[in-house]
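Colleague:
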Amino acid sequence: MSESRPKVHITGVYGLIGNIVYTHLSQTGQWDLFGSGRRSMSSDRADQEQRSPLPDDHFRIADLSDSQAMSQALAGADAVLHIAAVPDPTNTFDEVVESNIRGTYNVLEACRQHGIKRLVYASSIMATWGYSEYVEPYKLIREDRVDELPDTWEKVRHTDPVRPTEPYSMSKVWAEGACRTYADAHDLSVICLRIGWVNKENAASGNFSNSVWCSHRDIASSFELALKKTADARVYDICFALSDSEYRWVDLDHARAVTGFVPQDRGQD
1006 MSESRPKVHI
1016 TGVYGLIGNI
1026 VYTHLSQTGQ
1036 WDLFGSGRRS
1046 MSSDRADQEQ
1056 RSPLPDDHFR
1066 IADLSDSQAM
1076 SQALAGADAV
1086 LHIAAVPDPT
1096 NTFDEVVESN
1106 IRGTYNVLEA
1116 CRQHGIKRLV
1126 YASSIMATWG
1136 YSEYVEPYKL
1146 IREDRVDELP
1156 DTWEKVRHTD
1166 PVRPTEPYSM
1176 SKVWAEGACR
1186 TYADAHDLSV
1196 ICLRIGWVNK
1206 ENAASGNFSN
1216 SVWCSHRDIA
1226 SSFELALKKT
1236 ADARVYDICF
1246 ALSDSEYRWV
1256 DLDHARAVTG
1266 FVPQDRGQD
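Our numbering numbers the first residue of the sequence shown as 1006 and each following residue consecutively.
Written as structure tokens, this is what we have:
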């Protein structure tokens, strides 16, 4: 019976990643899935032909910046996958602040108000993007100078200092900190996934693109495993979520240790 299944709410359910995750989770039959978004149409970034619609009574129109609407949308949920955001790193601060900062605060407040104790937050590899722009050996990959890479080098870990480069990645760093605050103060179990590059085509080309790429299958698996982990124990953690590749420059061992995630796909350089 659906009434006995945990109720999971996906913000941004008709966005590219949100709908990939919804489609995957709906096929498992383990959760009663709800979702919200600013509109009932798919994101321009998503494949319209691959869209998986929610039942009308499981979808809520709600803008992230509207605290009352978000509180009403999340009422009754057992867990939240907070995926909705303004996703473009070329956006200005004014263009990201309402959705990515105020919106995440509104989601966290709704969790507190309703006693929701489980959250998976869609952060981004962009929180560490500065390593690829300013720090060797990582920038050698971005500049396609892989023949200059040393024989051995350390991958960027979740414990390394953040290096955002613009307002979008700054908003993700802020949100990770906000999630930490609510985890400590309100017993919220949170996993922040620093997601790689997910695209409609489900493919990448070139050394650097492949080094940050995440397949549809791997992003869906990352969310499923993180969701399950938040039910197992009180947790706050940060894990990278992307597919494997020859020049992947962020660490996935920690994700395997925390959630059991192992990428199933590999970018072809």
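In this text, a Cβ means the ideal position worked out from N, Cα and C, and glycines have one as well. Remember, predicted model here, so these are calculated numbers, not experimental data.
Where does Phe1228 sit, in a helix, a strand or coil, going by DSSP?
Modeller: In the structure shown, Phe1228 sits in a helix (DSSP, three-state: H, G or I).
Colleague: Taking buried to mean at least 16 other C-beta atoms within 10 Å of its own C-beta, is Pro1155 buried or exposed?
Modeller: So Pro1155 counts as exposed.
Colleague: Distance, Cα to Cα, Gly1135 vs Asp1237?
Modeller: Approximately 34 Å, taken between the alpha carbons.
Colleague: Taking the beta strand (DSSP E) that Val1195 falls in, what are its first and last residues?
Modeller: Per DSSP, Val1195 belongs to the beta strand (DSSP E) from 1194-1200.
Colleague: Among Val1112, Glu1100, Thr1095, Asn1096, whose alpha-carbon lies nearest the alpha-carbon of Ile1015?
Modeller: Comparing Cα positions, the closest option is Val1112.
Colleague: Can you tell which of Ala1231, Val1203, Glu1206, Tyr1252 has its C-alpha closest to the C-alpha of Tyr1126?
Modeller: Nearest option by C-alpha distance: Ala1231.
Colleague: Can you tell me the Cβ-Cβ gap for Ile1106 and Leu1079, rounded? I've got them flagged as a contact below 8 Å.
Modeller: In fact, because the Cβ distance is near 18 Å, the residues do not count as touching under 8 Å.
Colleague: Considering only C-alpha positions, which residue in the set His1259, Arg1261, Ile1146, Ser1248 is nearest to Ser1219?
Modeller: With the sequence shown as reference, residue 1219 is identified as Cys, and Ser is not the correct amino acid for it. Answer by Cα proximity: Ser1248.
Colleague: If you draw a straight line from the alpha carbon of Phe1213 to that of Ala1074, how long is it in whole angstroms?
Modeller: When rounded, the distance between both Cα atoms is 40 Å.
Colleague: Pick out whichever of Thr1186, Asn1207, Glu1206 has its Cα sitting closest to the Cα of Cys1197.
Modeller: Cys1197 has its Cα closest to that of Thr1186, out of Thr1186, Asn1207, Glu1206.
Colleague: Since Arg1065 is in the beta strand (DSSP E), which residue starts that stretch and which ends it?
Modeller: Per DSSP, Arg1065 belongs to the beta strand (DSSP E) from 1064-1066.
Colleague: Measuring CB to CB, does Tyr1173 end up less than 7 Å from Ser1216?
Modeller: No, the pair does not count as a contact, with Cβ atoms beyond the cut-off.
Colleague: Span of the alpha helix (DSSP H) holding Ala1180?
Modeller: Looking at the DSSP string, the run of the alpha helix (DSSP H) that includes Ala1180 is 1172-1191.
Colleague: Flag this pair as touching only if the stretch 1082-1091 and the stretch 1024-1041 have three or more C-beta atom pairs under 8 Å; answer yes or no.
Modeller: Cβ pair count under 8 Å is three or more, so yes.
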